[in-house]
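Quick look at the structure:
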């Protein structure tokens, strides 16, 4: 099974997903109702899906073509965002989240 994902949207999506842990951390810290682990995970998935939707919309608006393998693109952004957090940005994204959290 061959998955054909155009290079430009995949590249943009990977770059955005690499920095998405900072957006996720900022939202987790700034949103007052996000307290539990499942809520943090939900914010992470929603931000990743929004990133994917934004990239797909821009690609469609610029080219008029749809991406036939968009589910693979969604999985790609989830994997990149998770691995970016786990391998590179965990400390700094956690500090950003703690800084934006309201004092207890």
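In the numbering used here, the protein residues as written are 28 to 131.
Cβ coordinates follow ideal geometry from the N, Cα and C atoms, glycine included.
- When only Cα atoms are considered, residue 67 and residue 95 end up about 30 Å apart.
- Residue 103 sits away from residue 53, with the two beta carbons spaced by 7 Å or more.
- In this structure residue 130 is exposed. Its beta-carbon is surrounded by fewer than 16 other beta-carbon atoms within 10 angstroms.
- By the CB criterion at 7 Å, residue 48 and residue 120 fall inside the cutoff.
- Straight across, the Cα-Cα distance linking residue 56 with residue 86 is about 31 Å.
- The alpha-carbon of residue 46 is positioned some 15 Å away from that of residue 70.
- Residue 110 counts as exposed, since fewer than 16 other C-beta atoms from the protein chains shown sit within 10 angstroms of its C-beta.
- Residue 118 and residue 93 have their C-alpha atoms roughly 37 Å apart.
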